[in-house]
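Input: a single structure, listed below in structure tokens.
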Amino acid sequence: MIDRTDAGSAVKDAPDDFSLDTRLPVIPVGGTVIFPYVVIPLALTDGALVRAVQAAVGGEGLLVLLSLRPGRLPHEDPSAGAGSPFYDVGTLGRVVQLLPANDESTRALVQAVTRVDVATPLREDGVWTVQASARPDQPVGGPRSAELRATVVEAFEALLALAPDVPADTREAIAGVSDCGQLADLAAANLTLPADEKQALLEERDVLRRLEGVLEGLRREKHVRQLGTDLQEKVKGEVDRTQREYWLREQLKAIRSELGEGEESDLAELRRKLELAAMPAPARQQAEREVRRLERTPPQAPDYHIIRDYLQWLAEMPWSREEAAPVELERARRVLDRDHYDLTAVKERIVEYLAVHKLNPGPHGPILCLVGPPGVGKTSLGRSIADALGRRFARISLGGVADEAEIRGHRRTYVGAMPGRIVQAIREAGARDAVVLLDEVDKLTRDIRGDPAAALLEVLDPAQNHTFTDHYLDVEFDLSRVLFIGTANELSPVAPALVDRLEVLELPGYTDPEKLEIARRFLIPRQRSEAGLAEDQVVIADAAVRALITDHTREAGVRELERQLARILRKVALRVVEGRARLPVTVEPANLDDFVGKARFAEELAGRAHEVGTATALAYTAAGGQILFVEAVSMPGSGEVKLTGHLGDVMRESAHAAMSYLRAHAEQLHIPPERFRDKDVHIHVPAGATPKDGPSAGVAMAVALASLFTGRPVRCDVAMTGEITLRGHVLAVGGIKEKILAACRAGIRSVLLPRRNEADLAELPDEVRRDLVFELVDDVNDAFERALVERRTTPRDGRAAASGTAGRRHGQWYDPR
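Residue numbers (our numbering): 87 to 903.
Here it is as structure tokens:
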């Protein structure tokens, strides 16, 4: 295909008619149409086209210029059935000059002669050939042709006035043409029209219609050119206006300076703020550089507001401002006891921090992380710590944060750049020794934008956070005096490197008596105040609160308990407003259903009877502890083990370890070996839609399988936890306090624990130790002895039955045999 480097306009004489019997080579033209009466230069880079032009020169110098149809290519195979890629009407051309170029291409000067109809296109050796015959114009004459000719010339001259890029010889050629057909072709060749419209003009034999089409194209192009000229004039006027405003502002600035009013400008105010900010030397130097840039930048420039916002951030950061009150240990204890019940270990750790800070006020301190189930008061404890220390408080919610720039900030090269959340929180607090709560550290995520947890490593490292650099500020800021406090429901999702920088304080779930006390001291007064009720208008009995705790809101924390109390007080407020209440309104267990509906946990969660193949396990989740039932059944088969209940890999491995231990010790446990070969075993952990994982259920799985194969029922009031090995050892597990609290809520009376967890029992409340019996086991055989009930034979039918006389003696399970 040709590269049309220029559209010439030299007019040549052409014969009135023309016909050929020989085939002529074709030069494909893409994206445009060649009209008669023009001379065009062609740059030929394709070897086949060069041969075609050379063949034409070797003959009479004739060739055909044909335009390609939309979406067609010149190298298509004509035998493929898609028809010719060319239009059926083209232009006959004569090669008037052929010159080789230095860039391995051939340049030709071709004179377009006349329209031709083409037929039977063929392609041989890459060269297209066609049979061409002249396509003469229809005769034209009369006043209509003269009128159209004059109108076209006038319209073309008006267009030339808006198009200085049109060559001068084109202007002269148009003015000197008297033939209407020639005028139409020359004008069409110099119009910017779509290729299909130009092809329609080329195929049109009626000269008057061709002139009308050219006139319409001239008017459209004149309109487009006029719009462009108007736009340029508008832009020029806008630039002139901007320059004028700039000079006026400069003059106004000079006048204000002479009058002594320049200090009231925004820039002067910004300078005063920067001077009062007491920035360290590197930050001050950076601010001075940016101020000089701002002075050189006109207010209309986009960079002006970017620089100004940056300087505002520098001026408002608390570089040296501290708000900490003198350390008073007694006041701190009062504040912590006022806002939170119990949490003795956490409160003692805060008081220890204050004591160290009183003796050594330097920039040191740990990064505390409060870990516990939802609703135990982690976030509110952070506010209380700030109040006890007399410091400003700021909270950063990290739940769902997946962009590293949320921690370190965006660089100022980005549109809409902002500092990271750390810097924003410090500025919001207004002091560099604030208490900053990093809420929900375990909910951080990561994606292609980086790892926010990795960005927190520098923030939470006391050895290096004194040189923390936010990408937006681009200067160091000292974070060593900030007391960071993290919160999390569990530590397993947190990166190990981040956990290494944290001092973890466990906040276990509350016992029922603790919940009752929290409701008395905090929840009921707060919700009563929010409902607009006076203290003498409503009384919620302790028995009603206990019923809420046991039958409506079994949870580790007190969040749902507070929702239920708020629900009760809203209904009381409605009765008071409607005048249907006799004051004071008393809420008791007898009328509790009228306020909160039927009990959700009316039945105890522990089993009602001893069952074969069903053991009660204790699990720890992000919401606190809970009990799980491990169910095992057998059926005729080939020894296959099936596991269901949405179990994770570790929990599946515990089940296989338990099965392997039983098979290895079948003789000791009096289990016939053929039972393992002839039976398939199905182990299921209910609540199948909830994912479960971890090694804590190993003992429960072993006990359930031992019960299944020996036929000895498992005690329904015994719960257990612990990891097992193939040797039968019981290993320590975590979350003991939460698990035991869950067992207490579920009505369990005895708990089997690994002996290695004996130290964890010291953390339990006294009422829990009174209500439960704890059995410490070293291996699974100890668990079998304490959890499985011995069978006895009834006198009537000799069938095996579970002995119901087993009991407790001195904190130990025993068998009456």
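Just so it is clear, CB atoms sit at the ideal spot from N, CA and C, and this is done for glycine as well.
Supposed close pair residue i, residue j - CB separation, criterion 8 Å
| i | j | result |
| --- | --- | --- |
| Ala-138 | Pro-111 | 4 Å |
| Asp-622 | Pro-670 | 6 Å |
| Ile-654 | Val-625 | The pair is not a contact, with the Cβ atoms about 11 Å apart (cut-off 8 Å). |
| Val-377 | Arg-358 | Incorrect: roughly 12 Å between the Cβ atoms, too far for contact. |
| Val-837 | Phe-860 | 5 Å |
| Ala-281 | Ser-153 | 7 Å |
| Val-658 | Leu-634 | Contact doesn't hold; Cβ gap of about 15 Å is too wide. |
| Glu-760 | Gly-595 | Not a contact, Cβ separation roughly 47 Å. |
| Val-854 | Ile-826 | 6 Å |
Top-ranked residue by Cα proximity to residue i, from the options
| i | options | result |
| --- | --- | --- |
| Leu-794 | His-756, Pro-156, Glu-576 | His-756 |
| Ala-786 | Gln-285, Val-501, Pro-799, Ser-264 | Pro-799 |
| Leu-279 | Cys-266, Pro-171, Arg-305, Asp-679 | Arg-305 |
| Val-213 | Asp-489, Val-136, Ala-718, Val-202 | Val-136 |
| Ala-828 | Thr-707, Val-863, Arg-494, Ala-818 | Thr-707 |
| His-770 | Gly-814, Val-124, Thr-192, Lys-728 | Lys-728 |
| Ala-905 | Val-421, Val-462, Val-527 | The question about residue 905 has no answer here: the residues shown for the chain are numbered 87 through 903. |
| Phe-715 | Asp-803, Cys-266, Ala-652 | Asp-803 |
| Glu-336 | Pro-385, Gly-303, His-742 | Pro-385 |
| Ala-805 | Arg-835, Ala-540, Gly-731 | Arg-835 |
| Gly-965 | Leu-148, Pro-114, Tyr-396, Lys-657 | Because residue 965 is not part of the residues shown, which for the chain are 87 to 903, the question remains open. |
| Phe-629 | Val-644, Lys-657, Asn-677 | The question names Phe, but residue 629 is Ala in the sequence shown. Minimum Cα distance to Ala-629 is reached at Asn-677. |
| Glu-233 | Glu-210, Asp-265, Leu-651 | Asp-265 |
| Asp-525 | Ala-367, Gln-285, Glu-146, Val-580 | Val-580 |
| Lys-308 | Ala-244, Met-365, Arg-417 | Ala-244 |
| Arg-694 | Thr-796, Arg-645, Gly-820, Gly-833 | Gly-833 |
| Leu-874 | Gly-723, Pro-222, Gly-699, Lys-825 | Gly-699 |
| Glu-844 | Val-819, Val-866, Ala-205 | Val-819 |
| Pro-404 | Ser-724, Gly-711, Glu-514, Pro-447 | Glu-514 |
| Val-789 | Ile-508, Ala-741, Asp-766, Thr-328 | Ala-741 |
| Val-300 | Leu-277, Ala-848, Glu-490 | Leu-277 |
| Val-143 | Pro-171, Leu-184, Pro-156 | Leu-184 |
| Trp-399 | Lys-284, Val-561, Glu-283, Asp-211 | Val-561 |
| Glu-414 | Ser-406, Leu-445, Ala-218, Leu-178 | Leu-445 |
| Ala-744 | Gly-808, Glu-492, Glu-381, Pro-772 | Gly-808 |
| Tyr-500 | Tyr-558, Arg-666, Asp-316 | Tyr-558 |
Start and end residues, alpha helix (DSSP H) containing residue i
| i | result |
| --- | --- |
| Pro-722 | Segment 710-722 is the beta strand (DSSP E) holding Pro-722; no alpha helix (DSSP H) there. |
| Trp-742 | The residue asked about is misnamed: residue 742 is His in this sequence, not Trp. Where His-742 is concerned, the enclosing alpha helix (DSSP H) stretches over 735-750. |
| Ser-470 | 464-475 |
| Ile-120 | That residue, Ile-120, is in no alpha helix (DSSP H); it is neither H nor E in DSSP. |
| Val-631 | 628-633 |
| Lys-825 | 822-831 |
| Glu-233 | 229-248 |
| Leu-415 | 415-425 |
Beta bridge counterpart(s) of residue i as assigned by DSSP
| i | result |
| --- | --- |
| Arg-518 | Arg-518 pairs with nothing; no bridge assigned. |
| Met-787 | In the DSSP output, where bridge partners are listed per residue, Met-787 has none listed. |
| Met-806 | Ala-703, Leu-838 |
| Asp-533 | Gly-536 |
| Val-115 | Ser-153 |
| Gly-572 | Cys-455, Leu-524 |
| Glu-210 | Val-213 |
| Ala-218 | Val-204 |
| Lys-778 | Leu-733 |
| Val-196 | Ile-126, Val-181 |
| Leu-862 | Leu-839 |
| Phe-479 | Val-521 |
| Glu-592 | Val-457 |
Endpoints, the beta strand (DSSP E) within which residue i is located
| i | result |
| --- | --- |
| Leu-704 | 700-707 |
| Leu-729 | 727-730 |
| Gly-176 | 175-186 |
| His-161 | Premise fails: His-161 is in no beta strand (DSSP E) and is neither H nor E. |
is_contact[residue i, chain D] using C-beta, thresh 7 Å
| i | result |
| --- | --- |
| Leu-651 | Within the model displayed, chain D is absent; a lone protein chain is all it includes. |
With contact counted as at least three CB pairs below 8 Å, one residue from each stretch, are the region 562-574 and the region 418-433 in contact? Contact fails between the region 562-574 and the region 418-433, because fewer than three Cβ pairs, one in each stretch, are under 8 Å apart.
Looking at C-beta atoms only, is the number of pairs between the region 408-423 and the region 595-615 that lie closer than 8 Å three or more? The answer is no - the region 595-615 does not touch the region 408-423, with fewer than three Cβ pairs under 8 Å.
I want to know whether the region 118-125 touches the region 197-204 - three or more CB-CB distances under 8 Å. Note that the region 118-125 touches the region 197-204; at least 3 beta-carbon pairs, one per stretch, sit closer than 8 Å.
Does the region 472-491 come into contact with the region 455-462, if we say contact requires no fewer than three beta-carbon pairs (one atom in each stretch) closer than 8 Å? Because the criterion of three Cβ pairs below 8 Å is not met, the region 472-491 and the region 455-462 do not touch.
Below 8 Å, how does it come out for the region 542-551 and the region 572-588: are there three or more Cβ pairs, yes or no? Touching, per the Cβ criterion.
Are there three or more Cβ pairs, one per stretch, closer than 8 Å when the region 661-668 is compared with the region 693-707? Between the region 661-668 and the region 693-707, the count of Cβ pairs shorter than 8 Å is below three; the stretches do not touch.
Can we say the region 264-280 touches the region 226-241, given the rule of at least three CB pairs closer than 8 Å? Yes, they touch.
Under 8 Å: do the region 809-819 and the region 718-725 share three or more Cβ pairs, one atom per stretch? Contact annotation: the region 809-819 does not touch the region 718-725, with fewer than three C-beta pairs closer than 8 Å.
Report yes or no: do three or more beta-carbon pairs, one from the region 287-304 and one from the region 221-230, lie closer than 8 Å? Note that the region 287-304 touches the region 221-230; at least 3 beta-carbon pairs, one per stretch, sit closer than 8 Å.
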